[in-house]
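Below: one structure, written as structure tokens.
Protein chains: 2
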Amino acid sequence: MTIVPVILSGGSGTRLWPMSRPEMPKQLLSLTAEETMLQLTAKRAHGEGFAAPIVVANAAHAREIEEQLQAAGVTPQAVILEPAARNTAPAIALGALAAKGEDALLVMPSDHVIHDVAAFHAAIEAAMPLVAEGWLVTFGITPDAPETGYGWIQIGEEIGHGVHRVARFVEKPQKERAEAMLAAGDHAWNGGIFLFRADIFLGELGQHAPQMLTAAKDAMSRARRERSCVWPDAEAFAASPSDSIDYAVMEKAGRVAVVPVAMGWSDVGSWDALHAISDTDDNGNVHRGEVLAVDTRNCLLRSDGIRIAAVGIEDLIVVASGNDVLVLPRGRSQEVKKLIEAMKK
Amino acid sequence: MTIVPVILSGGSGTRLWPMSRPEMPKQLLSLTAEETMLQLTAKRAHGEGFAAPIVVANAAHAREIEEQLQAAGVTPQAVILEPAARNTAPAIALGALAAKGEDALLVMPSDHVIHDVAAFHAAIEAAMPLVAEGWLVTFGITPDAPETGYGWIQIGEEIGHGVHRVARFVEKPQKERAEAMLAAGDHAWNGGIFLFRADIFLGELGQHAPQMLTAAKDAMSRARRERSCVWPDAEAFAASPSDSIDYAVMEKAGRVAVVPVAMGWSDVGSWDALHAISDTDDNGNVHRGEVLAVDTRNCLLRSDGIRIAAVGIEDLIVVASGNDVLVLPRGRSQEVKKLIEAMKK
């Protein structure tokens, strides 16, 4: 059975502002390595056992995506350029319609980090027998903190080696509930990585969100194609409701399984998250770019342009990019959104 | 008796890096007002009672100085462009040689702030009778902190209304001694502002530093002149020893007086000093340029280019200029020099 990676590159998040911007979002940046997060994602499911990937992306990033994949030595079978953002369920529908019905789709956000790729591959291998039988599989990240920013999954009975029925999806919880789930030990984070047959997914979508399926089908049947690029019809796709795969399909479908896996996963959802997963120097600092730091501890100092010169600071995040420099204390990087809001005014 | 301001613009200090740089030092910047510190200095001794000033400056800044003075509506009688830096005594000698012997020279650093100009003028007026008699007068800043970064002056017996004999000059003291002097109440800071007749100063210089006087005379007699600009001969001036007016003349001369004065003086010798003398907003912040601050307190945030975006920070100094951004805690701005040293490596 062929595994086709479906890489979702629709995000335009602002949580890593000022480096991440609408024209150059997080997945297109080199945040954790020399390679960009998109390149790392593509290479994580490349080579033996994997077919050429399908990338679903914002049309504005077409050229950058093609260049980055080429530089990484990955040749996509299709780059589907969304005329509008409609959340993950319609995006995956476009990908599924570009694949063969019997393909197993490995759906991956393009802006996550997985340190232990072997563990990821082992989890995929464990999932495949059930995928072949028609199950929708999600990967449940072994939690190590009471995160309130993620959805959680309660792990049910084991239905295959290393594969469990999903007992329940839990939406982003309050702190207390997150702590209880972490303590209970039978919950995992929903990392947004999925594995299922294209035809099974489309069948479930037709059942639970038929408008979405119709819109995706219309958009693909009237798509413009050039080389591996696909431009779904804008008017047809605009008719699709906007919803996540979790709400539209996973929480409603019958045969939904989870493979719990500890694989050094991070969604790098904030500057604090990036600091947490980065190698630090002897003073606990993470530097990148032109940085000069004297008597500085436990800071994240990054620049893609101007020089950052620091003396005597502790527990600060300083990020310079383009014509902006961001300064905030560690632990408060979620508040970047307050700045974005203030800028809109 | 004519008072000729002699404005010393030789400084190329790095304590206000990254805004102050060798090519654009502190005195040429707008730090405390719309006007530059040079402009504020020139206007402080302009109009009734003052002759056109003599400016002694680094030749590299000739054009900028002329433009700034013109914009301030001040026409100098001479701009003497030093071919090399030889500290204040030789610089003042050049100025004195450009003036008439009977002129009273009001020597002022170009990079200090004086909030109470009326008090300054009153102090000048008090000093004039003794200046006419041939005294060298310095202005003693009423101290309000045990500063270890300034020289101090012990105030002796009153020899004229508001004018005292200098009992003693005290070099930059240790903290304990500074505290004792502050408590004693009979000491003032040496602000580097002087008033004396040109001929008296040159006479004392000839007595206590004859090489310096000879070099200055040679340099001026062989100077190139164009409009109000004067380029002293480089070779001749290079022969001058380098020394401050305090060491070379004031501490050695006989008839030296001090006028104690409280006039809201600051040498703006650091970013902390600038924060201390600036108006703050309701949150204790001092902003200038493109700054966006959310939930931020007691910070100095300045930019002359890129945007500074801050959330949740306190007691920090962030200064962006050109291709650099400086970040350090308030109270540690003297440590900018550590960065400058690190950059040289």
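These protein sequence lines map, in sequence, to chains D and S.
Numbering-wise, the first sequence is residues 370 to 714 according to the working numbering.
Numbering-wise, the second sequence is residues 370 to 714 according to the working numbering.
All C-beta atoms in this analysis are idealised placements derived from N, C-alpha and C, irrespective of residue type, glycine included.
Counted within 10 angstroms of its Cβ, other Cβ atoms place residue i as buried (16 or more) or exposed
i: residue 713/D; result: exposed
i: residue 654/D; result: buried
i: residue 410/S; result: buried
i: residue 573/S; result: buried
i: residue 370/D; result: exposed
i: residue 710/D; result: exposed
i: residue 648/D; result: exposed
i: residue 442/D; result: exposed
i: residue 552/D; result: exposed
i: residue 642/S; result: buried
i: residue 585/S; result: buried
i: residue 516/S; result: buried
i: residue 408/D; result: buried
i: residue 671/D; result: buried
i: residue 662/S; result: buried
i: residue 596/D; result: exposed
i: residue 607/S; result: exposed
i: residue 458/D; result: buried
Inter-residue spacing [alpha-carbon to alpha-carbon] between residue i and residue j
i: residue 593/S; j: residue 391/S; result: 24 Å
i: residue 510/D; j: residue 704/D; result: 25 Å
i: residue 589/S; j: residue 450/S; result: 11 Å
i: residue 578/S; j: residue 437/S; result: 34 Å
i: residue 634/S; j: residue 701/D; result: 39 Å
i: residue 651/S; j: residue 379/D; result: 42 Å
i: residue 658/S; j: residue 427/D; result: 35 Å
i: residue 461/S; j: residue 637/S; result: 22 Å
i: residue 622/D; j: residue 431/D; result: 33 Å
i: residue 721/D; j: residue 562/D; result: Because chain D in this structure spans residues 370 to 714, residue 721/D falls outside the shown range and cannot be described.
i: residue 396/S; j: residue 433/S; result: 11 Å
i: residue 601/D; j: residue 513/D; result: 40 Å
i: residue 732/D; j: residue 676/S; result: Residue 732/D lies beyond the range of chain D shown here (370 to 714); nothing can be said about it.
i: residue 389/S; j: residue 696/D; result: 22 Å
i: residue 699/D; j: residue 693/S; result: 22 Å
i: residue 532/S; j: residue 508/S; result: 9 Å
i: residue 550/S; j: residue 481/S; result: 23 Å
i: residue 522/S; j: residue 560/S; result: 10 Å
i: residue 519/S; j: residue 541/S; result: 5 Å
i: residue 494/D; j: residue 530/D; result: 10 Å
i: residue 417/S; j: residue 630/S; result: 21 Å
i: residue 610/S; j: residue 576/S; result: 14 Å
i: residue 419/D; j: residue 374/D; result: 7 Å
i: residue 527/S; j: residue 628/S; result: 10 Å
i: residue 656/S; j: residue 678/D; result: 19 Å
i: residue 402/S; j: residue 645/S; result: 14 Å
i: residue 478/S; j: residue 471/S; result: 22 Å
Residues of its chain near residue i, where Cβ-Cβ distance is below 6 Å and the 5 sequence neighbours each way are ignored
i: residue 718/S; result: In the structure as shown, chain S begins at 370 and stops at 714. Residue 718/S is therefore absent and cannot be evaluated.
i: residue 673/S; result: 658, 690
i: residue 425/S; result: 377, 449, 460, 463, 464
i: residue 632/D; result: 483, 485, 488, 489
Bridge partners - residue i, DSSP secondary structure assignment
i: residue 626/D; result: 506/D, 534/D
i: residue 427/D; result: 451/D
i: residue 594/D; result: 599/D
i: residue 477/S; result: 376/S
i: residue 527/S; result: 533/S
i: residue 565/D; result: 474/D
i: residue 486/S; result: The partner list for residue 486/S (beta bridge, DSSP) is empty, contrary to what the question assumes.
i: residue 656/S; result: 670/S
i: residue 693/D; result: 690/D, 676/S
i: residue 390/S; result: 393/S
i: residue 556/S; result: 523/S
i: residue 662/D; result: 679/D
The ligand COA heavy atom lying under 7 Å from the CB of residue i
i: residue 651/D; result: Ligands displayed in this structure: none; no statement on the ligand COA is therefore possible.
Same chain, Cβ closer than 7 Å to residue i, five either side skipped, listed in chain order
i: residue 486/D; result: 413
i: residue 500/S; result: 473, 506, 564, 565, 566
i: residue 682/D; result: 665, 668
i: residue 503/D; result: 566, 569, 624
i: residue 605/S; result: 584, 587, 588, 591
i: residue 525/S; result: 533, 534, 535, 536
Close-in-space but distant-in-sequence residues of the same chain around residue i (CB under 8 Å, 5 per side omitted)
i: residue 467/S; result: 423, 446, 447, 449, 589, 599
i: residue 400/S; result: 385, 388, 406, 637, 643
i: residue 548/D; result: 515
Residue-level contact to chain B via CB, residue i, 8 Å cutoff
i: residue 655/S; result: The structure shown has no chain B; the protein chains it does contain are D and S.
With three or more beta-carbon pairs closer than 8 Å as the criterion, would you say the segment 488 to 498 of chain S touches the segment 608 to 619 of chain S? Contact annotation: the segment 488 to 498 of chain S does not touch the segment 608 to 619 of chain S, with fewer than three C-beta pairs closer than 8 Å.
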